[in-house]
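Colleague: Numbering (UniProt numbering), first residue to last: 1 to 656. No residue lacks a Cβ here, since even glycine has one placed at the ideal position from N, Cα and C. Below are the structure tokens for one structure; questions will follow.
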Amino acid sequence: MMQLLIASNPNQSVQVKSYLHSDKLCAFSFVKIRRKRCFGFPTNFPKLKSGEINKGASYTSRCSNRVLGVDQTCAKVEVNHKKSSISPQNRRVNVRALALTLRNAKTAEDVAELLKDYPDLPPPVYTSLIGGLGRNNKLEAAFAIVEWLKKNKALNVLIYNTLLGAVKLNKKYHKVGAVIEDMKSQGFELGIVTYNILMSIYIEQGRPTEIFNLISQIEDAGLSPSPATCSTILIAYREMGDAHGALQYFVKLREKYQMGELQRESPEEDWDGEFVKFELSMVRICVSVMRRWLVKEENNTTEVLRFLNSMDRAGVKIDEIFLKQLAWACTREEHYIVVRELYKRLRESDQGEGLSVTVCNHIIWVMGKAKKWWAALEVYEEMLEKGPMPNDLSFELVVSNFTVLLTAAGRRGLWRWAIQLLYKMHERGLTAGTKQWNAVLFACSKAGETDAAINIFQQMVQKGEKPTVHSYVALLSALEKGALYDEAIRVWDHMKKLGVEPNLYTYTTLASIYAQKGNHDMVEAVLEEMVVARIEPTVVTFNAIITGYAKRQMGAAAFDWFHRMKGRKVKPNEVSYEMVIDALTRDSKPRLAYQMYVRAYNEGLVLNKKAYDAVVEAGRASGVIVDLDDLGFHPVERGKPTQIKNNQSDFCGTPV
1 MMQLLIASNP NQSVQVKSYL HSDKLCAFSF VKIRRKRCFG FPTNFPKLKS GEINKGASYT
61 SRCSNRVLGV DQTCAKVEVN HKKSSISPQN RRVNVRALAL TLRNAKTAED VAELLKDYPD
121 LPPPVYTSLI GGLGRNNKLE AAFAIVEWLK KNKALNVLIY NTLLGAVKLN KKYHKVGAVI
181 EDMKSQGFEL GIVTYNILMS IYIEQGRPTE IFNLISQIED AGLSPSPATC STILIAYREM
241 GDAHGALQYF VKLREKYQMG ELQRESPEED WDGEFVKFEL SMVRICVSVM RRWLVKEENN
301 TTEVLRFLNS MDRAGVKIDE IFLKQLAWAC TREEHYIVVR ELYKRLRESD QGEGLSVTVC
361 NHIIWVMGKA KKWWAALEVY EEMLEKGPMP NDLSFELVVS NFTVLLTAAG RRGLWRWAIQ
421 LLYKMHERGL TAGTKQWNAV LFACSKAGET DAAINIFQQM VQKGEKPTVH SYVALLSALE
481 KGALYDEAIR VWDHMKKLGV EPNLYTYTTL ASIYAQKGNH DMVEAVLEEM VVARIEPTVV
541 TFNAIITGYA KRQMGAAAFD WFHRMKGRKV KPNEVSYEMV IDALTRDSKP RLAYQMYVRA
601 YNEGLVLNKK AYDAVVEAGR ASGVIVDLDD LGFHPVERGK PTQIKNNQSD FCGTPV
């Protein structure tokens, strides 16, 4: 027995009696009770100093968990508060100051010299010294203390665990093996705390698979895993990216917990509280692994869905916060099936109260990116009905989905479908902008539906939308296709009156209209106006003029404009030659048409089958000799345009 006064600073002191028998602790536990660093004092030390009611009580002293990775019981001490003065034989030990004194120690002899005035310090002081030196990167001094303790036969398992924790803290992993061997040579067996430290070292080294070898050793040694052991194993599964392994381990652990097979190393161990933490940690780890799957280049959507189902079968619930994290990780088209499942779960969870408008907007964005426009629209409608209320971004995302549909319909001439989409927007309270109206106008124009285009244009104006130059391009094109040339010219004049600046396409359409009317002077005037407006005519402009004259069977005019195009250094393309050949054959000029075809062939252009057949038929009908060798091979008929299906929803997608 010995009586000694220990203090972490000069203002804190208590009398302690250390119950040490053969250098072994009479109390030793692995319970995680105190998180902060301690120096061998009871957890509630500040209260003991002033409370006389604690006189004679026994308390458990804890050592630092930041070094060991876990909390441990250092020793059981009896604390007596006395108001009387301290007896002269008692010594005052400032542990912090002592650690500063020992920080430059290199050998056991250095330690012996520095501790000559403290011959009988209790083990908690040594563990505090070793831990403190380890935290301050003085590992050599920590080893020197252990070597000195070996000579004095004052070692115990706790001191070795503290040293091992210091090695881990300083990342001197090459010393781990030496510490373990030294520990065994002193007759100490590895306890569960030692194994926990070794497992955490493997995690830091990026060697999580080797942890399972330690688990086998733990079982062979007959040791029971502590809560820290279980937590470290789950972390190992996370590092390996093995969500399935983490789930299986948790299920087995849960079975042992429910059957009461998890042993308590001390009365303070709270497996009930720890198990709740394990489940939360396991879910967090599994979600982390699934997020990694989603951000990888390969498509792991099936794997994510399969694992979500595995968690359901295991009875493990994923909280809303983790479902949202998974939803944010979905950013690619193939993630649509995952984000749809996550949205369903979020909506079913507490009636979707945890859904935020930002998450809903992200889900709408992913669905739109995957071309699942109807699914995105359903999310928007449920937001209106069940919450959260959409914001401006929600509106923009849904309108952008409609815009994609309308633009696609416009390109393919699906005018009826485009009009239906426009009406659906109005039904759902979405205001169509100029871009959406223009898409419908282009669909009507492409399909040659002049009346529908006029009607849509009028509705657009009535709704308060100001037509743009693109609106007039679509309307003029529709009027041209309907041969409503005079109406088209009036629309042009109205456009100019409103101050809408024409562009290349409006000028091209107007020139084509005048060509079809046979008004050479106005065609000239349009091109002159383009030059004044600094808009250079392109091959498309000249092709439109040539096509207009071809429709009017004015081959000479078409041929003239063909040469004007070359005079302006605009290179003709296949359409240019095909249109001028068509105009010449219609105007009974087969020889000239034949010459134009040969010229195109010599320039390396491949004209369509219609131009080839027109030249051959015109030559045969008029008696002009046509050398087929000069025409080259007979062109293969070009692919037919895609037919518009009766069920146009096959193109635009159906609600899901």
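1. Between the Cα of residue 372 and the Cα atoms of 356, 390, 386 and 397, which residue gives the shortest distance?
2. Within its chain, find whatever has a CB closer than 8 Å to the CB of residue 573; leave out the 5 residues flanking it on each side and keep chain order.
3. DSSP beta-bridge partners for residue 724?
4. According to DSSP, residue 401 sits in a beta bridge with which residue or residues?
5. With a cut-off of 8 Å on the beta carbons, I'd call residue 154 and residue 133 a contact; round off their distance for me.
6. Could you pull out every residue in the same chain whose Cβ sits closer than 7 Å to the Cβ of residue 299, ignoring the five residues on either side in sequence?
7. Using DSSP with H/G/I as helix, E/B as strand and the rest coil, what is residue 500?
8. Buried or exposed, going by whether 16 or more other CB atoms sit within 10 Å of the CB of residue 302?
9. Residue 456 to residue 619, Cα distance in whole Å?
10. Do you know offhand how far residue 497's Cα is from residue 524's?
11. Any idea what DSSP makes of residue 359, helix, strand or coil?
12. Would you kindly work out how many angstroms separate the C-alpha atoms of residue 482 and residue 559, rounded to a whole number?
13. If I measure Cβ to Cβ from residue 512 and keep anything under 8 Å in the same chain, skipping five residues before and after, which residues do I get?
14. Could you say which of 389, 569 and 599 lies nearest to residue 580 if we only look at CA atoms?
15. Let me know the secondary structure DSSP gives residue 94 once reduced to three states.
16. Counting only runs of 4+ residues fully inside the segment 99-150, write out the alpha helix (DSSP H) ranges in chain order.
17. Is the beta carbon of residue 360 less than 9 Å from the beta carbon of residue 336?
18. To the nearest angstrom, how far is it from the Cα of residue 567 to the Cα of residue 636?
19. By DSSP, does residue 520 sit in helix, in strand, or in coil?
20. Taking Cβ to Cβ, would you say residue 382 is nearer than 9 Å to residue 428?
21. Residue 582: buried (16+ other C-beta within 10 angstroms of its C-beta) or exposed?
22. If I follow the unbroken alpha helix (DSSP H) through residue 233, where does it start and stop?
23. Buried or exposed: residue 389, going by 16 or more other Cβ atoms within 10 Å of its Cβ?
24. Looking at C-alpha atoms only, which residue of 94, 218 and 279 is the closest neighbour of residue 234?
25. Suppose you measure from the CA of residue 423 to the CA of residue 415; what does that come to, to the nearest Å?
26. Would you mind reading off the limits of the alpha helix (DSSP H) that contains residue 467?
27. Cα separation between residue 362 and residue 307?
28. Using the rule of at least 16 other Cβ atoms within 10 Å of the residue's Cβ for burial, across every protein chain shown, is residue 421 buried or exposed?
29. Does the ligand MG have a heavy atom nearer than 8 Å to the CB of residue 506?
30. With DSSP collapsed to three states, give me the class of residue 637.
31. For residue 621, count neighbouring Cβ atoms within 10 angstroms of its own Cβ and tell me buried if that reaches 16, exposed if not.
32. For residue 175, collect the residues of the same chain with a Cβ closer than 7 Å to its Cβ; drop the 5 residues on either side in sequence, then sort them by chain order.
33. For residue 187, does the count of other Cβ atoms within 10 angstroms reach 16, so buried, or fall short, so exposed?
34. Mind checking residue 185: buried by the 16 CB within 10 Å criterion, or exposed?
35. What residue from 562, 230, 150 and 454 has the CA that sits closest to residue 658's CA?
Modeller: Looking at the atomic coordinates:
1. Position 372 of the sequence shown, counted from the start, is the residue given in the question as residue 372. Cα-wise, what sits closest to residue 372 is 397.
2. Here residue 573 refers to the residue found at position 573 when the sequence shown is read from its first residue. Within the same chain, residue 573 has close Cβ partners 539, 543 and 605.
3. An answer regarding residue 724 cannot be provided, because it is not within the stretch 1 to 656 covered by the chain.
4. Walking along the sequence shown from the start, residue 401 turns up at place 401. Beta bridge pairing from DSSP links residue 401 with no other residue.
5. Residue mapping note: residue 154 aligns to position 154 of the sequence shown, counting from 1. Residue mapping note: residue 133 aligns to position 133 of the sequence shown, counting from 1. Rounded, the Cβ-Cβ distance is 17 Å, inconsistent with contact.
6. Working through the sequence shown from its first residue, we reach residue 299 at position 299. So the qualifying residues of the chain are 334.
7. Within the sequence shown, the letter at position 500 stands for residue 500. The answer is coil: DSSP assigns residue 500 none of H, G, I, E or B.
8. By 1-based counting over the sequence shown, the position of residue 302 is 302. Counting of Cβ neighbours within 10 angstroms places residue 302 among the exposed residues, the total staying below 16.
9. Residue mapping note: residue 456 aligns to position 456 of the sequence shown, counting from 1. Residue mapping note: residue 619 aligns to position 619 of the sequence shown, counting from 1. One C-alpha to the other measures close to 47 Å.
10. Reading the sequence shown from its first residue, position 497 is the one you call residue 497. Reading the sequence shown from its first residue, position 524 is the one you call residue 524. Residue 524 has its alpha-carbon roughly 22 Å from the corresponding atom of residue 497.
11. Sequence index remark: in the sequence shown, residue 359 carries index 359 (1-based). Judged by DSSP in its simplified three-state form, residue 359 adopts helix.
12. As a position in the sequence shown, residue 482 is number 482, starting the count at 1. As a position in the sequence shown, residue 559 is number 559, starting the count at 1. About 25 Å.
13. Counted from its first residue, the sequence shown places residue 512 at position 512. The residues are 480, 544, 545, 547 and 548.
14. The count along the sequence shown starts at 1 and reaches residue 580 at position 580. Comparing Cα-Cα distances from residue 580 to each of 389, 569 and 599, the minimum goes to 599.
15. What you label residue 94 is simply residue 94 of the sequence shown in a count that begins at 1. DSSP places residue 94 within a strand segment (E or B) once states are collapsed to three.
16. Correct list: 108-114 and 123-135.
17. Within the sequence shown, residue 360 is the residue found at index 360, counting from 1. Within the sequence shown, residue 336 is the residue found at index 336, counting from 1. Against a cut-off of 9 Å, the Cβ pair of residue 336 and residue 360 comes out as no contact.
18. For the purposes of this step, residue 567 is taken as residue 567 along the sequence shown, with counting starting at 1. For the purposes of this step, residue 636 is taken as residue 636 along the sequence shown, with counting starting at 1. Cα to Cα, residue 567 sits roughly 32 Å from residue 636.
19. Taking the sequence shown and counting its residues from 1, one reaches residue 520 at position 520. Helix at residue 520.
20. For the purposes of this step, residue 382 is taken as residue 382 along the sequence shown, with counting starting at 1. For the purposes of this step, residue 428 is taken as residue 428 along the sequence shown, with counting starting at 1. No.
21. For this step, residue 582 is matched to residue 582 along the sequence shown. Answer is buried; the Cβ neighbour count reaches 16.
22. The count along the sequence shown starts at 1 and reaches residue 233 at position 233. Under the DSSP assignment, residue 233 falls in the alpha helix (DSSP H) whose first and last residues are 227-240.
23. One-based indexing of the sequence shown puts residue 389 at position 389. Result: exposed.
24. The sequence position of residue 234 within the sequence shown is 234, counting from 1. Restricting attention to 94, 218 and 279, the CA atom closest to the CA of residue 234 is found in 279.
25. Along the sequence shown, read from residue 1 onward, the residue named residue 423 stands at position 423. Along the sequence shown, read from residue 1 onward, the residue named residue 415 stands at position 415. Going by the C-alpha atoms only, they are around 13 Å apart.
26. Locating residue 467 in the sequence shown gives position 467, counting from the first residue. Secondary structure note for residue 467: it is in no alpha helix (DSSP H), with a DSSP letter that is neither H nor E.
27. Taking the first residue of the sequence shown as 1, we reach residue 362 at position 362. Taking the first residue of the sequence shown as 1, we reach residue 307 at position 307. Inter-residue distance for residue 362 and residue 307 is about 23 Å (C-alpha atoms, whole angstroms).
28. Position 421 of the sequence shown holds residue 421. Counting Cβ neighbours within 10 Å, residue 421 comes out buried, since at least 16 surround it.
29. Among the components modelled here there is no ligand, and therefore nothing to report on the ligand MG.
30. Translated into positions along the sequence shown, residue 637 becomes position 637. Annotated three-state conformation of residue 637 is coil, per DSSP.
31. Against the sequence shown, residue 621 aligns to sequence position 621. Burial check for residue 621: the Cβ neighbour count within 10 Å stays below 16, so the residue is exposed.
32. Your numbering for residue 175 matches position 175 in the sequence shown. Within the same chain, residue 175 has close Cβ partners 167.
33. In the sequence shown, the residue the question calls residue 187 occupies position 187. Result: exposed.
34. Residue numbering aside, residue 185 sits at position 185 when the sequence shown is read from its first letter. By the neighbour-count rule (16 or more Cβ atoms within 10 Å), residue 185 is not buried but exposed.
35. Outside the shown range of the chain (1 to 656) lies residue 658, about which nothing can therefore be said.
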